[in-house]
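Student:
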Amino acid sequence: MADFKKLEELHKKLEKINSEYDPEMNFEHELKDHLKDKFPKEYKLTIDAKKQDEPDEDPEDITPGRIGEYMGDREDEFIAEYESALKHLVESAPEIELLKIYV
Numbered sequence: 816m817a818d819f820k821k822l823e824e825l826h827k828k829l830e831k832i833n834s835e836y837d838p839e840m841n842f843e844h845e846l847k848d849h850l851k852d853k854f855p856k857e858y859k860l861t862i863d864a865k866k867q868d869e870p871d872e873d874p875e876d877i878t879p880g881r882i883g884e885y886m887g888d889r890e891d892e893f894i895a896e897y898e899s900a901l902k903h904l905v906e907s908a909p910e911i912e913l914l915k916i917y918v
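For the sequence shown, this note's numbering begins at 816 and goes up steadily by one.
1. Beta-carbon separation of Tyr-885 and Glu-857 under 9 Å?
2. Do the CB positions of Ala-900 and Asn-841 come within less than 9 Å of each other?
3. For the candidate residues Ile-894, Lys-902 and His-903, whose alpha-carbon lies nearest to that of Leu-822?
4. Which value, in whole angstroms, describes the spacing of the CA atoms of Asp-891 and Pro-870?
5. Which complete alpha helix (DSSP H) runs does the stretch 850-886 hold, if anything under 4 residues is left out?
6. The alpha helix (DSSP H) spanning Ser-899 covers which residue range?
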């Protein structure tokens with residue numbers, strides 16, 4: 816039960832960050848890619864768990880927050896990185912959109 820409560824608290828923190836910076840989750844894919852690169856071991860654990868839990872689904876189709884479920888005692892580091900990366904993505908959005916136009 817404690818694990819479920821801990822996961823619930825993690826997702827509440829992430830939802831609060833999302834609502835502050837990106838309520839529409841427009842940067843979900845970019846955030847997931849950033850976290851995948853930053854936490855490759857935990858990303859692999861997430862993918863392996865998804866393959867086991869949902870064998871008929873695409874294992875790469877996960878939310879950024881699901882990676883946080885496998886951080887263990889590094890959860891605070893994950894939350895800080897999640898917030899920092901999302902904030903950066905949102906703040907640089909006009910630049911990203913301009914790059915997409917010219918590429």
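We put the beta carbon where it would ideally sit given N, CA and C, even for glycine. Computed from a predicted structure; not experimentally measured.
Tutor: In brief:
1. As a position in the sequence shown, residue 885 is number 70, starting the count at 1. As a position in the sequence shown, residue 857 is number 42, starting the count at 1. Going by C-beta atoms, Tyr-885 is nearer than 9 Å to Glu-857.
2. By 1-based counting over the sequence shown, the position of residue 900 is 85. By 1-based counting over the sequence shown, the position of residue 841 is 26. Not in contact: Ala-900 and Asn-841 (Cβ atoms no closer than 9 Å).
3. Numbered from its first residue, the sequence shown carries residue 822 at position 7. Comparing Cα-Cα distances from Leu-822 to each of Ile-894, Lys-902 and His-903, the minimum goes to Ile-894.
4. Here residue 891 refers to the residue found at position 76 when the sequence shown is read from its first residue. Here residue 870 refers to the residue found at position 55 when the sequence shown is read from its first residue. Between Asp-891 and Pro-870, the C-alpha separation is close to 30 Å.
5. 855-868 and 879-883
6. In the sequence shown, the residue the question calls residue 899 occupies position 84. 890-906 is the extent of the alpha helix (DSSP H) around Ser-899.
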